[in-house]
Amino acid sequence: MKNYTNEPIVVQAIINGTKVTTDKLYPRENPANPSEIVGYGPLNTREETVAAIDAAAAAFPAWAATPLKERIDRMQRAIAKLKAATPELAKLLSREHGKALYDAEGEFAVSIMWMEHACQTAVDILQDKVQEHENGKTITTYDPIGVVSAITPWNYPISLSTIKIAPALLTGNTMILKPSPFAPLAVSKVIELIAEEFPAGVLNMVHGDAEVGVELTTNPKVGKIAFTGGTKTAKSIIKAASDTIKNMTLELGGNDAAIVLDDFDVNDERAMRRMVIANFLTAGQICMIAKRVYVHRSIFDQFVEKYVEAANKWIRVGDPFHPDVTIGAVNNAGQVKFVQSLIDDAKKRGAKVIPLGRVLSPELFDKGYFMQPTLVLGVDYNDPIVVEEQFGPTLPILPFDDDEQAIALANNSIYGLTSSVWGNEEHAIRVARRIEAGTTMINTAAVQGLDVRFPFGGVKQSGIGREYGAEGLLGYVETHVINIPK
Ligand code: NAD
């Protein structure tokens, strides 16, 4: 296996089974040490994007007609290769992304778990359904949609690509995937090794930003868009796709609330540690991280005290490759600037900002895009640091007086991705039922409560449709009903 840790790599587009080289490249820096270039991604053109779409359209009929067993066998071979490549590719991901190595390895593990589960689920759900009834007979079939454009963000590039590739290909679609320019390298290697296991044109990849994205979302040969990214980008995509009315799965931003009820045990160290991880893993750059915490006023002060203790134990910021580091760098300079401006503005309005954890690798800290995690207290319910999706290592904690107020505060958002309720289980479930979100977790949150066997997605402006679970495959098929009268 190639060792990617020492030399800059150049990744290429894949069009119709061929790696396409281009002179137009952009550098990808190491966020922990920005003077180091980890590799280069291509800036593909509109013409190359059209060629990839044409290849996917040409490959579609034969792939759609390929028996499910063969599709699964090919996917299993890709999974085996991905498993073998994980140790090296996780290092590459960590270097281009900034996330700690164990976190990058975790992303590969979740991807593999999902791909395996998708193979099994395909067998369970893709069978024709034949029903005899008083009017005759109905056969329901699950047909692939056609060509899928997949567009992914930088924060979890591997899992948010494989979450789309596995179900799309297993159900008989073909695909063009465009990764984010902020983490294009490891995911390109992953897609290369998966694409090798499939016929030419079934899985294609192009690189770039909005220009490529626009072609992927307007081209009439594209039947479905599978997009994960920001809500603002999704609005442009919806407009772009409206002329040709495309099927869409949209996994968008979130501003997930955590509600800590009056019966939560602040001395429960295990739960407190889980909460800290739910707030700061991957430096807070997860769509489903708990981004605002509402705590019952009767336990507020003790909660903050115990939270700071737990956070100081778990949070160790620094070199992503340091074995004791739990939080690496923020992915890019723009993100640091945005999060810092939210904190600075909250401070100007009188917020108290408490730094959390320890900095290990101080020599890198000043060079790279590192931020020491912070707790923000004393802000208004409508402060931008509470209302906006911060997507960084900062956390506002606010008090509430009763369950009704907590539910209203949690629901007072344009977003509704995940949420969590902490306290006595029955009480927490009663509150959970009233929260507007795709997922609500009890006494856990964020990726710790994620289970690929169950559907994941958002309500309100956090998205349309579901990934993972059986729904994660059904999003890639058209239900086709054949009625035969008596
Ligand atoms: P982004 O919206 O800026 O970019 C996402 C992708 O869209 C990138 O590949 C980008 O190049 C592409 N893009 C940009 N403009 C485009 C256009 N006009 N047409 C088509 N494609 C275009 O998001 P980001 O900054 O990469 O990721 C962070 C966001 O993603 C956060 O809001 C986060 O919450 C969200 N996210 C959501 C989920 C989820 O499952 N709901 C998961 C991860 C991230």
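The sequence shown begins at 1 in the UniProt record's numbering and counts up one residue at a time. Glycine residues also receive a C-beta, built at the ideal position from the N, C-alpha and C atoms.
Answer yes or no: the CB of W154 versus the heavy atoms of the ligand NAD, is any distance below 7 Å? Under cutoff, so the answer is yes.
Starting from the Cα of L126, find the closest Cα among P144, N135, K99, G378 and give me that residue. The residue with the shortest Cα to Cα distance from L126 is P144.
Quick one: using the 10 Å Cβ neighbour count with 16 as the cut-off for buried, is K178 buried or exposed? Under a 10 Å Cβ-count criterion, K178 is classified as buried, with 16 or more other Cβ atoms of the shown protein chains found around its own Cβ.
Environment of Y26 [buried if 16+ CB atoms lie within 10 Å]: Of the residues assessed, Y26 falls on the exposed side of the cut-off, its CB having fewer than 16 other CB atoms within 10 angstroms.
With DSSP run on the structure shown, which of helix, strand or coil describes P144? In this structure, P144 counts as strand in the three-state DSSP scheme.
Say the cut is 7 Å; is the CB of E96 nearer than that to a heavy atom of the ligand NAD? E96 Cβ: outside cutoff for every heavy atom of the ligand NAD.
Scan the segment 190–233 and note each continuous alpha helix (DSSP H) run of 4 residues or more that stays entirely inside, going in chain order. For the segment 190–233, whole alpha helix (DSSP H) runs of length 4 or above, ordered along the chain, are 210–218.
Can you list, in chain order, the residues of its chain with a C-beta nearer than 6 Å to that of F365? Leave out the 5 residues immediately preceding and following it. Cβ within range, chain order: V359.
Examine chain D for any beta-carbon lying closer than 8 Å to the beta-carbon of A56, and answer yes or no. Absent from the structure is chain D; it holds one protein chain and no more.
Report the three-state DSSP secondary structure of S180 (helix, strand or coil). Collapsing the DSSP output to three states places S180 in coil.
Is it the case that the Cβ atoms of W114 and A271 are separated by a distance below 8 Å? Their beta carbons are not under 8 Å apart, which means W114 does not touch A271 by this criterion.
Can we count L450 as close to the ligand NAD, meaning its CB is less than 7 Å from some heavy atom? Not one heavy atom of the ligand NAD falls within 7 Å of the beta-carbon of L450.
Using the three-state DSSP reduction, which class does K348 fall into: helix, strand or coil? In the three-state reduction of the DSSP assignment, K348 falls in the helix class, which pools H, G and I.
If we require 4 or more residues per run, which alpha helix (DSSP H) segments fall completely within the segment 296–378? Runs found: 300–314, 333–348, 362–365.
Nearest to G438 by CA position, among E7, V452, G416, S420, is which residue? The shortest CA-to-CA distance from G438 to any of E7, V452, G416, S420 is the one to G416.
State the DSSP-derived secondary structure class of residue 492, mapped to helix, strand or coil. Only positions 1 to 486 of the chain appear in the structure, and residue 492 is not among them; the question remains open.
Chain-order list of residues whose beta-carbon lies under 7 Å from that of A408 (same chain, five-residue window excluded): Exclusion of the five residues before and after A408 leaves no residue of its chain whose Cβ lies closer than 7 Å to its Cβ.
Measuring only the C-alpha atoms, how far is residue 495 from K221? Within the shown structure, residues of the chain are numbered from 1 to 486, placing residue 495 beyond reach of any answer.
Do G449 and G457 come within 8 Å of each other at the CB atom, strictly closer than that value? Not a contact, by the Cβ cut-off of 8 Å.
Going by the beta-carbon positions, is the gap between V260 and L395 smaller than 8 Å? Result no, Cβ atoms of V260 and L395 do not sit closer than 8 Å.
Classify I245: buried if its beta carbon has 16 or more other beta carbons within 10 angstroms, exposed otherwise. The Cβ neighbour count for I245, taken over all protein chains shown within 10 Å, is under 16; the residue is labelled exposed.
Quick one, which of L216, Y156, L68 has its alpha-carbon nearest V190's? Of the listed residues, the one whose Cα sits closest to V190 is Y156.
Which residue comes first and which comes last in the beta strand (DSSP E) that contains G381? Here the sequence assigns Tyr to residue 381, which means Gly is not the residue at that position. Looking at the DSSP string, Y381 is not in any beta strand (DSSP E), and its letter there is neither H nor E.
Those residues which DSSP pairs with A290 across a bridge: DSSP output for A290 lists D256 as bridge partner(s).
What does W422 pair with, by DSSP beta-bridge criteria? W422 is bridged to V260.
Just grab the DSSP bridge partners of G136 for me. Beta-bridge pairing links G136 to H133, P485.
Alpha carbon of Q335 to alpha carbon of T418, nearest angstrom: Distance between the alpha carbons of Q335 and T418 is about 22 Å.
Candidates V387, P362, N219, I299, of which the one nearest V339 by Cα: Distances from the CA of V339 to each of V387, P362, N219, I299 were compared; the closest alpha carbon is that of V387.
According to DSSP, simplified to helix, strand and coil, what is G41? If DSSP states are grouped into helix, strand and coil, G41 belongs with the strands.
By Cβ distance below 6 Å, which residues in the same chain neighbour A432 in space, the five residues on each side in sequence not counted? Excluding sequence neighbours, A432 sits near V421, T440.
heavy atom of the ligand NAD below 7 Å from S236 C-beta: True, at least one ligand heavy atom lies under 7 Å from that Cβ.
Cβ shell of A257 (< 6 Å), same chain only, five flanking positions each side left out: For A257, where only same-chain residues beyond five positions count, the Cβ hits under 6 Å are R292, A410, S419.
E196 versus A166: straight-line alpha-carbon distance, rounded: Distance between the alpha carbons of E196 and A166 is about 14 Å.
Should P384 be counted as a contact of the ligand NAD given a C-beta to heavy atom distance under 7 Å? For the ligand NAD, not one heavy atom lies less than 7 Å from the Cβ of P384.
Nearest by alpha-carbon distance to L250: which of Q76, P8, T231 is it? Comparing Cα positions, the closest option is T231.
Using 7 Å as the cut-off, classify the Cβ of G368 as near or not near the heavy atoms of the ligand NAD, replying yes or no. No, the ligand NAD has no heavy atom inside 7 Å of this Cβ.
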